[in-house]
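Below is one structure, written out as structure tokens, with a few remarks after it.
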Amino acid sequence: DQQVKQNSPSLSVQEGRISILNCDYTNSMFDYFLWYKKYPAEGPTFLISISSIKDKNEDGRFTVFLNKSAKHLSLHIVPSQPGDSAVYFCAASTSGGYNKLIFGAGTRLAVHP
Amino acid sequence: KAGVTQTPRYLIKTRGQQVTLSCSPISGHRSVSWYQQTPGQGLQFLFEYFSETQRNKGNFPGRFSGRQFSNSRSEMNVSTLELGDSALYLCASSENTGELFFGEGSRLTVL
């Protein structure tokens with residue numbers, strides 16, 4: 002039972018354009034969502050998060066949008082850079098779930114010049 | 088601050104053996120959680136420890152166990168290894184904010 006789904010295993014974007022990574026979830030108890038980036042042979046690194054009381058959070062080139070009614074969130078990267086090429090994981094947790102994150106399977110982003 | 092340190096980074100075991108992996112969290116972080124990453128499965132939660140107590144547990148068999156010491160360092164153990172246990176095991180520490188800081192992982196290969 003996949004509670005967090007990233008249906009696109011890969012995405013290819015040209016440098017300078019927008020990258021949009023999508024994530025769907027099924028558990029309505031999730032109230033905190035995060036995006037992590039992972040390079041090969043490294044552990045995931047935190048990118049950005051959003052609480053369920055918000056519908057948008059920005060940090061520099063990264064913006065996360067949350068649509069609670071659709072149980073959908075997306076990560077926008079503008080402008081995309083070659084260094085952004087990595088695997089992006091969406092994760093969710095519940096209040097009281099402490100640090101138990103439920104991760105999606107990841108989307109591999111390739112940004113080409 | 089030093090990051091999360093995991094040892095060993097790579098190891099090879101045979102079926103039936105057991106393995107112990109170690110994790111040193113970021114100084115001051117009392118929460119340590121463990122995740123398993125296999126191809127196509129993303130990261131799956133194993134368990135979380137806070138102040139030496141297991142606070143949360145994922146859906147893994149009892150062969151997977153862990154513990155946390157008074158200095159917040161943590162170990163996880165897998166007994167009676169199976170081929171399917173081959174994975175990258177990631178440890179993460181947190182100040183209990185929901186934001187996890189991951190180590191580089193221990194890659195286990197079971198032959």
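As given, the protein sequences belong to chains A and B, one line each in that order.
The first sequence runs 2 to 114 under our numbering.
The second sequence runs 88 to 198 under our numbering.
Note that beta-carbon positions come from the ideal geometry of N, C-alpha and C, so glycine has one too.
Within-9 Å CB hit, Glu43 (chain A) to chain B: yes
Buried versus exposed call for Ser120 (chain B) [16 or more other C-beta atoms within 10 Å across all chains shown]: buried
Residues of its chain near Gly192 (chain B), where Cβ-Cβ distance is below 7 Å and the 5 sequence neighbours each way are ignored: Gln93, Leu175, Tyr176 and Leu177
Identity of the residue in A:Phe47, A:Gln3 and A:Asp56 nearest Trp36 (chain A) by Cα: A:Phe47
Close beta carbons around Ile103 (chain A), own chain, < 6 Å, minus the five adjacent residues each side: Gln4, Val5 and Ala93
Closer than 9 Å at the beta carbon, the chain A residues around Gly192 (chain B): Ala42, Glu43 and Gly44
Rounded straight-line distance, which links the Cα of Gly107 (chain A) to that of Tyr89 (chain A): 5 Å
Short CB-CB distance (under 9 Å) between Lys69 (chain A) and chain B: no
Arg102 (chain B) vs Leu168 (chain B) beta-carbon contact at 9 Å: yes
Whole-number beta carbon distance between His77 (chain A) and Ile21 (chain A), since they are thought to touch under 8 Å: 6 Å
CB-CB length for Phe134 (chain B) against Gly153 (chain B), believed under 8 Å: 5 Å
C-beta atoms of Asp25 (chain A) and Ala71 (chain A) nearer than 9 Å: yes
Candidates A:Gln7, A:Val14, A:Pro10 and A:Ser9, of which the one nearest Gln82 (chain A) by Cα: A:Val14
C-alpha distance - Ser166 (chain B) paired with Thr184 (chain B), whole-angstrom precision: 32 Å
Between the CA atoms of Asn100 (chain A) and Gly90 (chain B) - distance to the nearest angstrom: 18 Å
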